[in-house]
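The block underneath contains the structure these notes are about, expressed in structure tokens.
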Amino acid sequence: MQQKKAYKYRFYPSEEQKRILAQTFGCCRYVYNWALRQRTDAYYQRGERLYYEGTAQHLVLLKKQEETAWLNDVSSVPLQQALRNLDKAFRNFFDGQANYPTFKKKRNQQSAIYASNAFIWKSQALTLAKMDAPLYIRWHHPLPDGCKPSSVTITKDEAERYFVSILVEEDIKPLEVTPTTVGLDLGLKSMVITSDG
């Protein structure tokens, strides 16, 4: 049975990689906040609902404008993923699972999601779009053999630490059925009593 699982590792970017990531985080935050403003204004001013497709089309036009042409300096994939994250935030809001989406701030945790077409994975080395060298990742446990990442999420926390979360599909072996069953009773006098004595 195939199951998606994320593995999180700390990594140590070079100064050039830090610069690229800072620029990417800033662009993702800008696009998210811009799209949130677009969707809010469309609803309250014109009674329209914008979805991912509409904001993605507007993003193409935004990147062609001279004053926001700097959005072209980073990979377009994390920008599209920022729009998808906003779309999910709105779905959660309309389903009653979350509050109305809020604007992202620079001082909070920063993140960028790279789909499989925005990174190179070769021999346990991960190179992101717009970067020349792979990330220096501290592999405290290896990924399962034969797994290929479907997406990676890069985060920078408030303590200036960088993490990569690698999403893979792996085979999960079902547990064997055992012929016996044991019941547990949690109590005050005895911590745990089992049905088999």
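Residue numbers (the working numbering): 451 to 647.
For glycine and all other residues, C-beta sits at the position ideal for the given N, C-alpha and C.
- Comparing alpha carbon positions, the residue from TYR457, GLN530, THR603, PRO624 closest to PRO592 is TYR457.
- Every alpha helix (DSSP H) stretch that sits fully inside the segment 479 to 556 and reaches 4 residues is listed by chain position as 502 to 514, 526 to 544.
- Assigned with DSSP and collapsed to three states, THR603 falls in strand.
- Measuring C-alpha to C-alpha distances from GLN453 to each of LEU617, LYS513, PHE540 identifies LEU617 as the nearest.
- With distances taken between CA atoms, GLU608 lies nearest to ARG557 out of TYR564, SER640, ARG557, GLY637.
- The C-beta of LEU521 has 16 or more other C-beta atoms within 10 Å across all chains shown, which makes the residue buried.
- Its Cα nearest to that of LEU509, the residue LEU529 stands out among GLN560, LEU529, TYR493, TYR494.
- Of the residues assessed, ASN542 falls on the exposed side of the cut-off, its CB having fewer than 16 other CB atoms within 10 angstroms.
- CA-CA distance, THR605 to THR631, rounds to 44 Å.
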